[in-house]
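Visitor: Below you'll find the structure I mean.
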Amino acid sequence: KNYLKEEMIPSWIDLVVWGHEHESKAQVEESLKGSFMIVQPGSTVATSLVPGEAAPKHCAILSIDKSLFKIDHIRLKQLGG
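This is how it looks when you write it as structure tokens:
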């Protein structure tokens, strides 16, 4: 598989948004490998029957002002659930 290791992310990066991940992690986390923050909004719909897909889904709104950022997560409602 091809992927980007956290060790390869340059020090001038402040925020990494992991895309194409199924699990929705609503909180911004500090990287254990670098000096940047990580957010993983996850997919907005369940695409498989694994435990990570059963968790609540979110979308994220990223606001940037100069070198500061803010992320607002919106929990999505399930249809028919």
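Be aware that the sequence shown starts at 104, since it is given in my numbering, and climbs by one per residue.
Glycine residues also receive a C-beta, built at the ideal position from the N, C-alpha and C atoms.
Model, not experiment: these values are computed from the prediction.
#1: By Cβ distance below 7 Å, which residues in the same chain neighbour His176 in space, the five residues on each side in sequence not counted?
#2: Take Ile112 and list the residues in its own chain whose beta-carbon comes closer than 7 Å to its own, dropping the five residues that flank it on each side.
#3: Taking the DSSP output, what are the residues bridged to Ala175?
#4: Can you give me the C-alpha to C-alpha distance between Phe172 and Asp117, rounded to a whole angstrom?
#5: With C-beta atoms as the reference, is His125 less than 8 Å away from Thr150?
#6: Tell me Phe156's beta-bridge partners as DSSP assigns them.
Guide: According to the structure data:
#1: Mapped onto the sequence shown, residue 176 falls at position 73. These residues qualify, in order along the chain: Ala129, His161 and Ala163.
#2: As a first step, residue 112 is located in the sequence shown; it is residue number 9 there, counting from the start. Same-chain partners within the cutoff: Val119, Gly137 and Phe139.
#3: By one-based count along the sequence shown, residue 175 stands at place 72. What sits at residue 175 in the sequence shown is Asp, not Ala. Asp175 pairs with Ile164.
#4: Locating residue 172 in the sequence shown gives position 69, counting from the first residue. Locating residue 117 in the sequence shown gives position 14, counting from the first residue. Their Cα atoms are separated by approximately 9 Å.
#5: To locate residue 125, count along the sequence shown from 1; it is residue 22. To locate residue 150, count along the sequence shown from 1; it is residue 47. Yes.
#6: If you number the sequence shown from 1, residue 156 lands on position 53. For clarity, residue 156 is Glu in the given sequence; the question names Phe instead. Answer is none; Glu156 lacks a bridge partner.
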